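Here the structure comes first, spelled out in structure tokens, and everything after it is commentary.
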Amino acid sequence: MWLPALLLLLLLLITLTILRLLHTHHTRRNQIPISINYHFTRRCNYTCGFCFHTASTSHMETPSRAKDALRLLAQAGMKKLNFAGGEPFLYPKFLGELIDFCKQDLHLESVSVVTNGSLIKESFLRKHGKNLDILAVSCDSFNEATNVRIGRGTGDQVKKLYQIAEWCAKYGILFKVNTVVNRLNHTEDMNVHLSELKPFRWKCFQVLIVEGENDTKQTLRNGHDFIISDEEFAQFCEAQGLMAKSYLILDEYLRFLDRTGKQPSGSVLEVGVKKALESVFWDEDAFLERGGLYDWVKPESKACGGEGRESLAW
Ligand code: SF4
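Listed below in structure tokens is the structure:
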């Protein structure tokens, strides 16, 4: 009597497992790389103690190979590209050429750059600003002594930040501020400066330890001295602990980085976008959950600053 029931239960469990595997396979195969962070260089002129994308190689692709890869990604569904590093403005010619290419040739909805701000020149924004939607500048403190202790420059970070905010307003670029919340700044009140600067978005990240980047004395940086607890982070700003696995990162060899620490994919030029995506894990659900599809196109009025706006309709 109990044997047929047990067999039936076993059959049901096997069927459910197969269905779940098929569903996972289907979902992974249909991933679309809507938003990509292209870290085209690991070199940087700053020495932040917690940096998690360190100068472990000096490799950079040629503009022509980078464009081929970006074209493939656009064909696969990329709508937003963020240039990051290292410090992207170490290579203004490469950066400017690719920004223009992304807007004028690929017609991406949003092109942005994350930078420490120190090397930005007004002439660059005058020339390429029309093709740049968002400029995100890192600022961890309005106290220059803290910036120097972190490794962010020699004491002129805040002045430059105000200068960049003005240039953004002048050239119609959305100005954003990124802050890494860490042991040295987690009790700082930044509200006065933020309300003066009026970024369209201020994003706070909890300092992150990444294996092979900043996790030991042997890596180029050791971020352990900068760690804060989740509670300390939550006290500083709205928790956004989904960062680690929800960004799709294209590295300096045009490979996707796996967000669980496995080997990177092959180059998208060699294996194609679909195969490269399939071989790595990134948390697409977490990307959507953290508001990855927020309004990323600059307004027609080309104004900068003010309140954040509602999500894209689509
Ligand atoms: S500015 Fe950014 S890339 Fe440069 S050292 Fe600091 S965290 Fe790393």
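Counted the way mature numbering (1 follows the signal peptide of the UniProt record, and there is no 0) counts, the sequence shown spans residues -24 to -1, 1 to 290. Note that the Cβ used here is the ideal one computed from N, Cα and C, for glycine as well. Only a predicted model underlies this, so the values are computations on that prediction, with no experimental measurement involved.
Residues sharing a beta bridge with residue i, DSSP
i, result
"N154", "S114, K179"
"H15", "A60"
"G91", "Residue identity check: residue 91 is Thr in the sequence provided, not Gly. Paired residue(s): V113."
"L226", "Y14, F232"
"D191", "N198"
"residue 296", "Lying outside -24 to 290, the shown extent of the chain, residue 296 is not represented and no answer is given."
"S86", "K56"
Residue i vs residue j beta-carbon contact at 7 Å
i, j, result
"I140", "L108", "no"
"P68", "F100", "yes"
"H15", "A60", "yes"
"L245", "D44", "yes"
"G129", "S88", "no"
"N154", "A112", "yes"
"I203", "V186", "no"
"V249", "A52", "yes"
"L253", "S243", "no"
"K55", "E98", "no"
"H162", "E208", "yes"
"N92", "I225", "no"
"F77", "I96", "no"
"I110", "K152", "yes"
"F26", "G199", "yes"
Supposed close pair residue i, residue j - CB separation, criterion 8 Å
i, j, result
"I126", "L173", "The pair is not a contact, with the Cβ atoms about 19 Å apart (cut-off 8 Å)."
"M36", "E228", "6 Å"
"E142", "G131", "No, E142 and G131 are not in contact; Cβ-Cβ is about 20 Å, not under 8 Å."
"M166", "F232", "Rounded, the Cβ-Cβ distance is 33 Å, inconsistent with contact."
"L150", "F176", "5 Å"
"V62", "R18", "The sequence shown places Gly at residue 62, not Val. Sure, about 5 Å apart at Cβ, within 8 Å."
"T33", "R197", "Contact doesn't hold; Cβ gap of about 15 Å is too wide."
"K148", "G105", "According to the sequence shown, residue 148 is Gly rather than Lys. Right, their Cβ atoms sit about 6 Å apart."
"L46", "L57", "7 Å"
Counting by C-beta, which residues lie closer than 5 Å to a heavy atom of ligand 1, in chain order? Every residue with a CB closer than 5 Å to a heavy atom of ligand 1 is listed here in chain order: C20, Y22, C24, C27, N92.
What runs of the beta strand (DSSP E), each 3 residues or longer, lie entirely inside the stretch 123 to 167? 150 to 157
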